[in-house]
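Visitor: Okay, here's the structure, questions in a sec.
Number of protein chains: 2
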Amino acid sequence: MQRRVTMTEVARAAGVSSATVSYVLSGKRPVSDGTRQAVEEAIVRLGFSLNPVARSLRTGRSTLVALVIPDIANPFYAHLASSLQDELRAHGCHVVVSNTGARREAEEDLLREVVNQRFAGVVMTPFRLDRDAFQELRRAGIPAVVSADVEFSDVDLVMPDSAAAVRQALALLAASGRRRVGVIAGPRDATGGDPRLQRIKDAAAAAGLSIPEELIVPGEHTRRAGVLGFRRLMAARHRPDAVMCVNDVTAVGVMDGAEHTGVDIPADIAVIGHDDIDFASLVRPRLTTISYPAHQVGRTAARLLLQQMDGRASRRVEHVVAEFVARSTT
Amino acid sequence: MQRRVTMTEVARAAGVSSATVSYVLSGKRPVSDGTRQAVEEAIVRLGFSLNPVARSLRTGRSTLVALVIPDIANPFYAHLASSLQDELRAHGCHVVVSNTGARREAEEDLLREVVNQRFAGVVMTPFRLDRDAFQELRRAGIPAVVSADVEFSDVDLVMPDSAAAVRQALALLAASGRRRVGVIAGPRDATGGDPRLQRIKDAAAAAGLSIPEELIVPGEHTRRAGVLGFRRLMAARHRPDAVMCVNDVTAVGVMDGAEHTGVDIPADIAVIGHDDIDFASLVRPRLTTISYPAHQVGRTAARLLLQQMDGRASRRVEHVVAEFVARSTT
């Protein structure tokens, strides 16, 4: 990639101060015609890019795009951040990642900062936020994209299209003789309920498998939630012989729990995750999972964000296809 | 933790607009005595905290603290971010994580944004940045802490104290009959050279082990660098029987490489990482490593940052002790 020419270099080439260059670009203060011409010539000669500095000066808006997520320890979001950044770098934007810990107060605080600091945009995976929490951003004219399984109003959305993959997962469990399926699900108070749980229930019904209520354990989408959830499942009157997990990090927690209690995966219990993070293929046994490609989610979110920056006002919803990947935990 | 009272709630309680509350707090516009009194009463009654909103209004400074890191896919930094955030939350600061991909241009851009946006502070692990790159932040009065193995001027530092742990690691290799040690090191153009490599060389000499130059492979501190580095080591005229890695993510890459080529760890080759990220104890075989506690690095960086916010001007250097953890790859 070409090195970006700085405003200081433009100023030096034009024989003026950096402040003068900024006045020429922003029009905030009057500049003599001769000076303006010298600056504009230097800009053309050096190939100085008006983005993002000039845009930032003109609009008072930052070059920062916030990625607001519930769990920075989940590698899915690291991949999402990298992908988003790769797409937005060419447009002069820097991605900063902000971890809410799935706390609603932090989610609200961070959206407020995004408005206060006039961020260039925000991509968010909300967890406990109100569905209409993006109205203020819209009023402030700040582009926003939500990456989630549930609908939020007034905002572009990137959602998984995972019904077929989940059906394949449950069909495999049925075909391999599993009968009682447990679920480490999301928390009961998450915004919009738990669409992943609903998809699992639908697919289980289609495969002729039962998911007894006592085997649905709510959790926080974390590795710790997997450990705790596994303990609760093992304490059930009738233990499950398979566990569907809300994501891979939770599935890894289930594997921790199984190892500590001498439960064999997959002989005693099958485990299926969601996301296919890097480490899913590295843990032993290798994790069977629903692959949800973070890089494609990031690319899609970036595209939606850039369209909004370019003036698109109508709302868009995009789906990214998830795929079932059978490995060694089933 | 107590829920923070918002400015909107203060405005509602005082029967005024949020803008009026902000004028009372900032003094930016005149407000009638009666209105001021109503707002101040509401602030006291609701227990509205002047931090960080009022500070932000008074100083024009953001409540955001930037954590600028070279590789967001390395879980060490996710732990560091969480710890930093836990410490700073009570002080009304939000941590945003910014990934440079170890590119010098991105490092410089992000420091410029930190100044432009008047961030409340920055914690950074530089990779290719000039050692004096923090002078502009100092001039702007923005608190800064560097977490690194090398010295940077004009800025507080958190460094590992790992010499003893590295000596233990090399002593174990010698005691278990290893003779030729390879190193997946950092890149040749990293700022300040490669102090981890130097510590490994010193410890190898003390343990009577040789590290031939052809077995020192430079890399980018990534999992991919581990895969590539392992290939180069296996192509050496005399292969190593042990590999020291610059961090755990690189060591995991070495394990990928070994698996793909049928090389047995630890029978054919011992592997030692650095950091002790979560996944070090989850991969199979479990990774032997130099444990460098990210949570303590985060806590220390937060303390140094808060001291600067409170007015400390003299420079501090703090050391966090690293410990050798022997598992199954040695």
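Residue numbers (my numbering), protein chains in the order written: chain W, 719 to 1048; chain R, 719 to 1048.
Yeah, the Cβ is synthetic: ideal placement off N, Cα and C, and Gly gets one too.
Closer than 7 Å, Cβ to Cβ, to anything on chain R: give me those residues from the region 983-1010 of chain W, in chain order.
Guide: Result list: Phe-997, Leu-1000, Val-1001, Arg-1002.
Visitor: For a contact defined as C-beta to C-beta under 7 Å, what are the partners of R:Asp-827 on chain W?
Guide: The answer, in chain order, is His-812.
Visitor: Can you confirm whether the region 867-881 of chain R touches the region 838-858 of chain R when touching is taken to mean that 3 or more C-beta pairs between the two stretches lie within less than 8 Å?
Guide: Touching, yes, given that three or more Cβ pairs across the two stretches are closer than 8 Å.
Visitor: Pick helix, strand or coil for R:Thr-909, following the three-state DSSP scheme.
Guide: Judged by DSSP in its simplified three-state form, R:Thr-909 adopts coil rather than helix or strand.
Visitor: Looking at chain W, which residues of the region 908-920 of chain R have a Cβ within less than 7 Å of any of its Cβ atoms?
Guide: From the region 908-920 of chain R, no residue has a Cβ closer than 7 Å to chain W.
Visitor: So with CB distances below 8 Å, who are the chain W contacts of R:His-797?
Guide: Ala-791
Visitor: Using 8 Å as the threshold, is the C-beta distance between R:Leu-828 and R:Gly-1016 below it?
Guide: no
Visitor: Going by the beta-carbon positions, is the gap between W:Pro-913 and W:Gly-937 smaller than 8 Å?
Guide: no
Visitor: Which of the three DSSP states is assigned to W:Arg-1045 in this structure?
Guide: coil
Visitor: Taking all protein chains shown into account, decide if W:Thr-979 is buried (16 or more other Cβ within 10 angstroms of its Cβ) or exposed.
Guide: W:Thr-979 is exposed by the Cβ-count criterion.
Visitor: So is W:Thr-843 in contact with chain R if we call contact Cβ pairs under 8 Å?
Guide: No - not a single Cβ of chain R is within 8 Å of the one on W:Thr-843.
Visitor: If the cut is a Cβ gap below 9 Å, which residues of chain W does R:Val-728 touch?
Guide: Within 9 Å Cβ-Cβ: nothing; R:Val-728 doesn't reach chain W, min ~14 Å.
Visitor: CB-CB under 8 Å to W:Ala-881, same chain, minus the five flanking residues each way: which ones, in chain order?
Guide: Arg-917, Asp-920, Ala-921
Visitor: Which residues in the same chain have their Cβ closer than 7 Å to the Cβ of R:Gln-835, if we skip the five residues on either side of it in sequence?
Guide: Closer than 7 Å at the Cβ level, and outside the excluded window around R:Gln-835, lie Ser-780.
Visitor: Could you give the DSSP three-state label for R:Val-983: helix, strand or coil?
Guide: Before going on, a small fix: residue 983 of chain R reads as Ile here, not Val. Residue state, collapsed to three classes: coil.
Visitor: Indicate whether W:Ile-983 and W:Thr-909 have their beta-carbon atoms separated by less than 8 Å.
Guide: no
Visitor: Nearest chain W C-beta to R:Ser-800 closer than 8 Å, yes or no?
Guide: yes
Visitor: Just checking my contact of R:Ala-889 with R:Ile-990 at CB under 8 Å: how many whole Å lie between their CB atoms?
Guide: With 8 Å as the limit, R:Ala-889 and R:Ile-990 do not qualify as a contact, their Cβ atoms being about 12 Å apart.
Visitor: Would you identify the three-state DSSP class for W:Arg-898, choosing helix, strand or coil?
Guide: strand
Visitor: Compare the C-beta of R:Val-840 against all C-beta atoms of chain W and say whether one is closer than 8 Å.
Guide: no
Visitor: What alpha helix (DSSP H) runs, 4 residues minimum, are completely inside the region 795-862 of chain R?
Guide: 822-834, 853-857
Visitor: Going along the chain, which residues of the region 963-985 of chain R sit with their C-beta nearer than 9 Å to a C-beta in chain W?
Guide: Val-970, Met-973, Asp-974
Visitor: Looking at C-alpha atoms only, which residue of W:Val-899, W:Asp-907, W:Val-734 is the closest neighbour of W:Val-961?
Guide: W:Val-899
Visitor: By how many angstroms is the C-alpha of W:Ala-892 removed from the C-alpha of W:Ala-924?
Guide: Taking the straight line from one Cα to the other gives about 10 Å.
Visitor: Could you give the distance in angstroms between the alpha-carbon of R:Val-981 and the alpha-carbon of W:Ala-976?
Guide: 28 Å
Visitor: So, are the CB atoms of R:Ile-902 and R:Val-832 less than 8 Å apart?
Guide: Their beta carbons are not under 8 Å apart, which means R:Ile-902 does not touch R:Val-832 by this criterion.
Visitor: Whose C-beta lies closer than 8 Å to the C-beta of W:Val-1001 among residues of the same chain, with five residues either side of it excluded?
Guide: Hits under 8 Å: Val-970, Met-973.
Visitor: Using a beta-carbon distance cut-off of less than 8 Å, what residues from the region 1023-1041 of chain R approach chain W?
Guide: none
Visitor: How would you call W:Arg-896, buried or exposed, if buried means at least 16 neighbouring beta carbons within 10 angstroms?
Guide: buried
Visitor: For R:Pro-1041 and R:Leu-1005, I'd like the C-alpha separation in whole angstroms.
Guide: According to the sequence displayed, residue 1041 of chain R carries Glu and not Pro. Rounded to the nearest angstrom, the two C-alpha atoms are 14 Å apart.
Visitor: Out of R:Asn-817, R:Phe-794, R:Ala-756, which has the shortest C-alpha to C-alpha gap to R:Leu-785?
Guide: R:Asn-817
Visitor: Flag this pair as yes or no: are the beta carbons of W:Val-863 and W:Leu-1023 separated by less than 8 Å?
Guide: yes
Visitor: Report buried or exposed for R:His-1037, applying the criterion of at least 16 other Cβ atoms within 10 angstroms of its Cβ.
Guide: exposed
Visitor: When you compare the CB of W:Val-783 with every CB in chain R, is at least one pair closer than 8 Å?
Guide: no
Visitor: Output the boundary residues of the beta strand (DSSP E) element that contains W:Ile-990.
Guide: W:Ile-990: member of the beta strand (DSSP E) spanning 988-993, first to last residue.
Visitor: Tell me W:Glu-931's beta-bridge partners as DSSP assigns them.
Guide: None; W:Glu-931 has no bridge partner.
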